[in-house]
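Visitor: Here it is, the structure, as structure tokens.
There are 2 protein chains.
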Amino acid sequence: MILLDYRDARPIYAQICDGFRDQICTGILRPGDKLPSVRELATQLTINPNTIQRAYRELEVQGWVASEAGRGSFVLGIPESGENAALLKEFDKLTARLLAAGVSRETLLQHLGKGGNDNA
Amino acid sequence: MILLDYRDARPIYAQICDGFRDQICTGILRPGDKLPSVRELATQLTINPNTIQRAYRELEVQGWVASEAGRGSFVLGIPESGENAALLKEFDKLTARLLAAGVSRETLLQHLGKGGNDNA
DNA sequence: TCACTATACTGTATTAGTACAGTTTTGTCA
DNA sequence: TGACAAAACTGTACTAATACAGTATAGTGA
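Chains Z and X, in that order, give the protein sequences.
1 is the number of the first residue of the first sequence in my numbering; add one for each residue after it.
1001 is the number of the first residue of the second sequence in my numbering; add one for each residue after it.
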């Protein structure tokens, strides 16, 4: 259950992020669990679905959850160190740059496929 | 002068991006030139300043312009694109690092999917 | 039972309203 | 002239309204 505190200076989406991070850290939410849909939670908290989406996207970028269009958002687990976030940001910038330079997404996908082996 | 075509399927912000890219490529706008402020252009086009900001941000991420809070947005020039190979090499290196750090290929694919996908 | 279509979900994208924070310029007073 | 406060800019952040696109499921016919 996510609770909002409107006296809190932090934005709503950040409070939602924190709420889910807590629930994942304490084991209330476990890898594979489904998060409430953006509309469901938005209705429950009486805020706009877009604000939920903003929170889910944040959690996704940071590696806590994964969202799939048409299916839902699912818990991944506690992401590895915070340094990865910085690396991922760099990754995003580089990607944008390559796309702007005319390199196709296919090419990048191929490069991604070629890399090492393991996974997390 | 940026012109909008509301019959165009492309979103407004993408049209604005294209407009400025054209002006930079053709030399109408040169490095160091100041772009109209988000409010000024928004008023001129009778759209919301936020839509302009979206376009400027896109151009900034791609390396065409630089925005400074309180000062304005300025043309940088045509982003380097000659040595895509070098950029791709950097991409590979960064990818390897991320994978080694425990970031899953899934996460990287998601990041790739999220990147801006305006012009063809 | 199986195939297919309609529908009811899901996340996502685009644009807008509004408030905030940083910088520059202008005005005022000593 | 110089210092300093006020105001007029600037980009940015947060939330919301709305429309779109993908997926799963329920319903219907053979």
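Where is the CB? At the ideal position from N, CA and C, for every residue including glycine.
For the segment 1062–1080 of chain X, which residues have a beta carbon sitting closer than 9 Å to at least one beta carbon of chain Z?
Guide: Listed in sequence order: Q1062, G1063, W1064, P1079, E1080.
Visitor: On the criterion of 16 or more Cβ atoms from any shown chain inside 10 Å, does I1024/X qualify as buried, or is it exposed?
Guide: For this step, residue 1024/X is matched to residue 24 along the second sequence. Label assigned to I1024/X: buried.
Visitor: Have a look at P1011/X and R1054/X and give me their C-alpha separation to the nearest angstrom.
Guide: Reading the second sequence from its first residue, position 11 is the one you call residue 1011/X. Reading the second sequence from its first residue, position 54 is the one you call residue 1054/X. Approximately 11 Å between the Cα atoms of the pair.
Visitor: Hey, L76/Z and P36/Z: beta-carbon distance below 9 Å or not?
Guide: Your numbering for residue 76/Z matches position 76 in the first sequence. Your numbering for residue 36/Z matches position 36 in the first sequence. Cβ distance not < 9 Å, so L76/Z and P36/Z don't count as in contact.
Visitor: Can you give me the C-alpha to C-alpha distance between S67/Z and I1028/X, rounded to a whole angstrom?
Guide: What you label residue 67/Z is simply residue 67 of the first sequence in a count that begins at 1. What you label residue 1028/X is simply residue 28 of the second sequence in a count that begins at 1. The straight-line gap from Cα to Cα measures roughly 43 Å.
Visitor: Please compile the residues from chain X whose C-beta is within a distance smaller than 8 Å of the C-beta of T43/Z.
Guide: Your numbering for residue 43/Z matches position 43 in the first sequence. Residues of chain X passing the Cβ test: none, with the nearest at roughly 25 Å.
Visitor: Given a threshold of 16 other Cβ atoms within 10 Å of its Cβ, counted over all protein chains shown, does N84/Z qualify as buried or as exposed?
Guide: Along the first sequence, read from residue 1 onward, the residue named residue 84/Z stands at position 84. The residue is buried, with at least 16 neighbouring Cβ atoms inside 10 Å.
Visitor: Tell me, please, whether the CB atom of R1030/X is closer than 9 Å to any CB atom in chain Z?
Guide: Residue mapping note: residue 1030/X aligns to position 30 of the second sequence, counting from 1. No, its Cβ sits nowhere closer than 9 Å to a Cβ of chain Z.
Visitor: Compute the Euclidean distance between the alpha carbons of R71/Z and M1001/X, then round it to the nearest angstrom.
Guide: Start at 1 with the first residue of the first sequence, and residue 71/Z comes out as number 71. Start at 1 with the first residue of the second sequence, and residue 1001/X comes out as number 1. About 43 Å.
Visitor: Could you name the residues of the segment 2–26 of chain Z whose beta carbon sits closer than 8 Å to any beta carbon of chain X, in the order they occur along the chain?
Guide: Of all residues in the segment 2–26 of chain Z, none has a Cβ within less than 8 Å of some Cβ in chain X.
Visitor: At a CB-CB cut-off below 8 Å, which residues of chain X make contact with V103/Z?
Guide: Within the first sequence, the letter at position 103 stands for residue 103/Z. Simply N1084, L1087, L1088.
Visitor: Taking the C-alpha atoms as reference points, what is the distance between N48/Z and A42/Z?
Guide: Within the first sequence, the letter at position 48 stands for residue 48/Z. Within the first sequence, the letter at position 42 stands for residue 42/Z. So the two alpha carbons sit approximately 6 Å from each other.
Visitor: Could you check how far apart the C-beta atoms of R97/Z and P1079/X are, in whole angstroms? I think they sit under 8 Å.
Guide: Your numbering for residue 97/Z matches position 97 in the first sequence. Your numbering for residue 1079/X matches position 79 in the second sequence. Indeed they touch by this definition, with Cβ atoms about 7 Å apart.
Visitor: Which of the three DSSP states is assigned to P1079/X in this structure?
Guide: Position 79 of the second sequence, counted from the first residue, corresponds to residue 1079/X. Coil, per DSSP.
Visitor: Can the beta-carbon of L59/Z be found less than 9 Å from the beta-carbon of R21/Z?
Guide: Working through the first sequence from its first residue, we reach residue 59/Z at position 59. Working through the first sequence from its first residue, we reach residue 21/Z at position 21. Yes, Cβ-Cβ distance for L59/Z and R21/Z is below 9 Å.
Visitor: Please report the residue range of the alpha helix (DSSP H) in which A14/Z lies.
Guide: Within the first sequence, the letter at position 14 stands for residue 14/Z. A14/Z -> alpha helix (DSSP H) spans 12–25.
Visitor: My guess is that L1045/X and L1004/X are in contact by the Cβ rule of under 8 Å, so how many angstroms apart are they, rounded?
Guide: To locate residue 1045/X, count along the second sequence from 1; it is residue 45. To locate residue 1004/X, count along the second sequence from 1; it is residue 4. Going by Cβ atoms, the distance from L1045/X to L1004/X rounds to 6 Å, so yes, they are a contact pair.
Visitor: Quick one: residues in its chain with C-beta nearer than 6 Å to the C-beta of G1082/X, no 5 flanking neighbours on either side, listed in chain order?
Guide: Position 82 of the second sequence, counted from the first residue, corresponds to residue 1082/X. With a pLDDT of 49 at G1082/X, under the threshold of 50, the predicted position of this residue should be treated as unreliable, and no value is reported.
Visitor: Quick one: give me the first and last residue of the alpha helix (DSSP H) that V61/Z is part of.
Guide: Here the question's residue 61/Z lines up with position 61 in the first sequence. That run of the alpha helix (DSSP H) goes 49–61.
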